[in-house]
Structure formats: C-alpha cells, structure tokens
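J.: Residue numbering for the sequence shown follows our numbering, beginning at 21 and increasing consecutively. All C-beta atoms, glycine included, are put in the ideal place defined by N, C-alpha and C. All of these numbers come straight from a predicted model, not from anything done at the bench.
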Amino acid sequence: RRTGGVTTTCHLSVQQSHPRVRVLACESLGRAAALPAIADILDATTSARIPASVAAMAITRMVPRRADLLLNYEITDAPHTTQLVIELVGTLNLIDGRAAMEKCLSDPLPEIRVAALRTLGRLGHPASTSALENFAPLSPEEAVALAEARNGVLGALQ
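1) From the beta carbon of Arg-133, is the nearest beta carbon of chain C less than 8 Å away?
2) Going by CA-CA distance only, name the one from Ser-150, Val-83, Glu-47, Arg-85 that's closest to Ser-73.
3) Closest by CA to Gly-172, which one among Pro-160, Glu-161, Gly-110, Leu-125?
4) I'd like the ranges of any alpha helix (DSSP H) spanning at least 4 consecutive residues and lying wholly in the segment 78-153.
5) Taking 8 Å as the threshold (C-beta atoms), are Pro-84 and Ile-58 in contact?
6) Here's a check: name, in chain order, each residue in its chain whose Cβ is nearer than 8 Å to the Cβ of Pro-130, leaving out the five neighbours to either side.
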C-alpha cells in the first residue's frame, strides 16, 4: 500500500504469462486492498488465468463494502465467475446486493440459481421472503438450497 506504483505493478502482473506470478500479484492486490483491481481479478478468473479460490481470497481480503464493486463487472459466458461473484456477495454480507441475487433466481443455469439461493440465505434479509416464496425449485439441490435460504431469512426475523 506504500505507493501507487506497487499496486500498479501487481495490477499489471495479473496479466503475466507465468501462473505463479499471476497468483502472487493477485494475492498482493488483495493484501493492498486494491479495490480498483477487482475487475482485472475477475477477468483473470474468467479466462482461467487465476484460480477462483485465489481470486475469492484476494477479493475477500480487500473487504469491499458495497456489492456494486462486484456486480458492476459484466460477465457474459463465464458461469464459474458469476457464481464466484454471487458467493462473495454472501460471504462479505453485502446486503445491497440482495436485489441482484433475487434476479439471479431466474437465471437459466441451475448452479447460478443455487448460489443465489445460498447467498440470499446468508444475507437473511426479510425483503427476500416474497422472492423465495415465488421460487419453484427445478431440482433436489435447488429444493435444499431454497429450504436453507428460507431458514436464513426466518432466522434473521427472530
């Protein structure tokens, strides 16, 4: 965090060809709380240059206080990155991401719907009650995630 130059160097290193350099750069950006680098880290995760677990740890270390820092990232054809973003919203308890998570309940991919259900359960916001009541699970895994989400919301009400 000493200088912008160190952060910029790490920021550029996420794009390097050597996998270990990319991982170390990602970890350094997390330690430096370099929030502007979130988009680059997600890009690197989308293209499989950085493992999702490394990206998740780096972004968690940054401790973003607003969901828009994650949700503004446009993800087109990378469901594993979308799932990562959804899980981070829940892990970091970014309650302002609740409405976006409710929209994810209508995603065509089941893994995205399950991740959104789990995140809504973690957030435990009573305003999600109607979205959860209107959700019709299409698989046993979705039914379990829905029950867990409802318990999370009910637990917050008590």
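T.: To lay it out plainly:
1) Note that chain C does not occur in the displayed structure, where there is just one protein chain.
2) Glu-47
3) Gly-110
4) 88-91, 99-111, 118-124, 130-143
5) yes
6) Leu-158, Ser-159, Glu-161, Glu-162
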